[in-house]
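J.:
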Amino acid sequence: MTDHVSLSDKIELPCGVTVNNRFLKSAMSEILGSHDYQPTKELINVYSRWADGEAGILVTGNVMIDKTALGEPRNVVISGDEDLDLLKKWADAGKKKNNHIFVQLNHPGKQSPKSLSPQPVAPSPIPLGKGLEKFFATPKALEEDEIHDLIEKFAYAAETVKKAGFTGVQIHAAHGYLVSQFLSPLHNHREDKWGGSLENRMRFLVEVYEAIRKRTGDDFPVSVKINSADFRNGGFSEEEAMKVFKTLDEKGIDLIELSGGSYESPVMTGKNMKSEKEAYFLDIADRAKKELKAPVAVTGGFRTSDAMKEAVASQKTDFIGLARPLAVDPDLPLKVLSGNDYKSSVKPLSTGIKSLDRVAMLEITWYEYQIGRIGKGKDPKPYENVWISMTKLFASNGWFRFKRRRA
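So in the numbering used here, the last one in the sequence shown is 1732, and the numbering has no gaps at all.
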């Protein structure tokens, strides 16, 4: 290592696009789409506020490619009925400070709850485990023509958001959603060209990437969020992940955001992660950085400015990915870039009743509540009592917010 790298340094992506700094706002489900799957004023407001915080890249929450396959109610969907004017307003809000705004494109596969998808699809007809089968139906295995149709839907969605003015896209290939299901031998038991060997299991992701690249061109950023491992015996491993990273790198991927686990093994939330470092996936990022041309982002666990600075200065990651810390402090990047010592207020949440925490999905809904406040033009309340926020959510949305929406 010969060059000192700081959080304020610009970086050029392989496609030739320059990003202003090393902060990446990672995807969170905002639950702020309209009932007909369009962006709303509240969603636009949220990204305007995050843009003011001056993160170099803002990645949207799940934008679905098929309105018959939702991860949760009030997703935004790009599938042919989208309002381009609303998408343009969303894109403009997210790039107003010369930020980049990437749309995270996703299909949930079998991680679509029974209330939304009584017959979901997946690579193989294998139900979710760990008790989640009570909330998620056993999927139907995709037919060959259905797989090709989904690849084209990813490509159409990417082309559409580029027309709307978004500056890039991210393929969601992590956390047990459809692309991740194809990659994992626990979920993909196919015996055709889409399953079996790693080459076959990564085929869906590779063809999605190639179809998007063909539709959007060589100068449009195409990134991926992908597991470093499933963290389950017999699942997608770190060694397999490195091979997929290298394949995508050779094909020209512009950014690889590392995560891990699934909602059957939710290590991406910090659960059961044992590390002396704040960041959960920094070790594999360090390894990937040594072997890849594409920039790498690490999301999960960063809480202090010192850890963020050290991770970039040591060149273990190119980008600091932040999610929940930005839900409670949209100005976090600007504060750190201004030279302030910083420590996020994010910490584990609990009502004191574990069963209620699970039913209320507290670690999701509390942050959605904070994002909702931002959407209404208010400041988040990082220290608000969880009982107060739950009561307010129920008063305004009934049981909608607390329905089991995803694994």
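A virtual CB, placed ideally from N, CA and C, is assigned to each residue, including glycine. Given the structure is predicted, the values throughout are model-derived calculations rather than measurements.
#1: Exposed or buried, which one is Y1708 when buried takes at least 16 other CB atoms within 10 Å?
#2: Round the Cβ separation of G1341 and D1544 to the nearest angstrom and send it over; I've been treating them as touching at under 8 Å.
#3: Nearest CA to the CA of Q1429: which residue from E1469, T1492, N1513?
#4: If you draw a straight line from the C-alpha of L1441 to the C-alpha of S1669, how long is it?
#5: Three or more C-beta pairs under 8 Å: does that hold for the stretch 1377-1391 against the stretch 1344-1362?
#6: On a CA-only basis, which of F1507, D1410, A1394 is nearest S1404? Give me that one, please.
#7: Taking the alpha carbon of V1623 as the point to measure from, which residue in T1676, L1647, A1638, E1616 has its own alpha carbon closest?
#8: Does the beta-carbon distance from K1500 to S1584 come in below 9 Å?
#9: Judging by CA-CA distance, which residue of R1698, F1479, L1662 is the nearest neighbour of N1370?
#10: Note the first and the last residue of the continuous beta strand (DSSP E) segment covering Q1429.
#11: Assuming S1630 contacts Y1667 under a Cβ cut-off of 8 Å, what Cβ separation, rounded to an integer in Å, is found between them?
#12: On the CB-based measure, 16 or more other CB atoms within 10 Å of its CB, does I1678 come out buried or exposed?
#13: If you pair each beta-carbon of the stretch 1361-1368 with each one of the stretch 1564-1571, do three or more pairs fall below 8 Å?
#14: Cβ of K1335 within 9 Å of Cβ of D1377?
#15: Have a look at V1661, L1651, E1582 and flag the residue whose alpha-carbon is nearest the alpha-carbon of V1671.
#16: Assign V1592 to buried or exposed, taking buried as 16 or more other Cβ atoms, counted over all protein chains shown, within 10 Å of its Cβ.
#17: By a C-beta neighbour count over all protein chains shown, 10 Å radius and 16 as the cutoff for buried, is N1558 buried or exposed?
#18: Candidates A1610, A1418, S1714, N1552: which alpha carbon is nearest S1509's?
#19: Under three-state DSSP, which class holds H1473?
#20: Identify, in the order they occur along the chain, each residue of the same chain with its Cβ nearer than 6 Å to the Cβ of G1560, setting aside the five sequence neighbours on each side.
#21: Is G1664 buried or exposed, if buried means 16 or more other CB atoms sit within 10 Å of its CB?
#22: Can you list, in chain order, the residues of its chain with a C-beta nearer than 7 Å to that of D1611? Leave out the 5 residues immediately preceding and following it.
#23: Using the Cα positions of V1294 and A1483, report the straight-line distance between them to the nearest angstrom.
#24: Is G1493 helix, strand or coil by DSSP?
#25: Verify whether the separation of the beta carbon atoms of V1711 and L1687 is less than 9 Å.
#26: So that I know if they touch, is there some Cβ in chain B lying closer than 9 Å to that of S1440?
#27: Given a threshold of 16 other Cβ atoms within 10 Å of its Cβ, counted over all protein chains shown, does T1716 qualify as buried or as exposed?
T.: Inspection of the coordinates gives the following:
#1: Here residue 1708 refers to the residue found at position 383 of the sequence shown. Exposed: under 16 other Cβ atoms inside 10 Å.
#2: The sequence position of residue 1341 within the sequence shown is 16, counting from 1. The sequence position of residue 1544 within the sequence shown is 219, counting from 1. Right, the Cβ-Cβ distance comes to about 6 Å (below 8 Å), so this counts as a contact.
#3: Locating residue 1429 in the sequence shown gives position 104, where the first residue counts as 1. Comparing Cα-Cα distances from Q1429 to each of E1469, T1492, N1513, the minimum goes to T1492.
#4: Against the sequence shown, residue 1441 aligns to sequence position 116. Against the sequence shown, residue 1669 aligns to sequence position 344. Each residue's alpha carbon lies about 35 Å from the other.
#5: The stretch 1377-1391 vs the stretch 1344-1362: in contact.
#6: Counting from 1 along the sequence shown, the entry for residue 1404 is found at position 79. Considering only alpha carbons, the answer is A1394.
#7: The residue given as residue 1623 occupies position 298 in the sequence shown. That would be L1647, whose Cα lies nearest to the Cα of V1623.
#8: Indexing the sequence shown from 1 puts residue 1500 at position 175. Indexing the sequence shown from 1 puts residue 1584 at position 259. What sits at residue 1500 in the sequence shown is His, not Lys. Yes, the pair counts as a contact, with Cβ atoms nearer than the cut-off.
#9: Residue 1370 sits at position 45 when you count from the first residue of the sequence shown. Closest by alpha carbon: R1698.
#10: Indexing the sequence shown from 1 puts residue 1429 at position 104. Here the beta strand (DSSP E) through Q1429 covers 1425-1431.
#11: On the sequence shown, position 305 is the one that residue 1630 refers to. On the sequence shown, position 342 is the one that residue 1667 refers to. Between S1630 and Y1667, the beta carbon gap of about 4 Å places them in contact (Cβ cut-off 8 Å).
#12: On the sequence shown, residue 1678 is found 353 positions in, with the first residue counted as 1. Under this definition I1678 is an exposed residue.
#13: no
#14: Residue mapping note: residue 1335 aligns to position 10 of the sequence shown, counting from 1. Residue mapping note: residue 1377 aligns to position 52 of the sequence shown, counting from 1. For K1335 and D1377, no; Cβs fall outside 9 Å.
#15: One-based indexing of the sequence shown puts residue 1671 at position 346. The residue with the shortest Cα to Cα distance from V1671 is L1651.
#16: Your numbering for residue 1592 matches position 267 in the sequence shown. Summary for V1592: the model assigns pLDDT 47, below 50, so the residue's position carries little reliability; its value from the coordinates is reported in the next sentence. Per the 10 Å Cβ criterion, buried.
#17: In the sequence shown, residue 1558 corresponds to position 233, counting from 1. N1558 is exposed by the Cβ-count criterion.
#18: If you number the sequence shown from 1, residue 1509 lands on position 184. Nearest C-alpha to S1509: N1552.
#19: One-based indexing of the sequence shown puts residue 1473 at position 148. Here H1473 sits in helix by DSSP.
#20: The residue given as residue 1560 occupies position 235 in the sequence shown. Cβ within range, chain order: S1509, L1511.
#21: Looking up residue 1664 in the sequence shown gives position 339. Classification of G1664: exposed, given that the 10 Å Cβ count is below 16.
#22: Here residue 1611 refers to the residue found at position 286 when the sequence shown is read from its first residue. Correct list, in chain order: K1641.
#23: The question about residue 1294 has no answer here: the residues shown for the chain are numbered 1326 through 1732.
#24: Position 168 of the sequence shown holds residue 1493. In this structure, G1493 counts as strand in the three-state DSSP scheme.
#25: In the sequence shown, residue 1711 corresponds to position 386, counting from 1. In the sequence shown, residue 1687 corresponds to position 362, counting from 1. It is a contact, given that the beta carbons lie within the stated cut-off.
#26: The structure shown contains no chain B; it is built from a single protein chain.
#27: As a first step, residue 1716 is located in the sequence shown; it is residue number 391 there, counting from the start. By the neighbour-count rule (16 or more Cβ atoms within 10 Å), T1716 is not buried but exposed.
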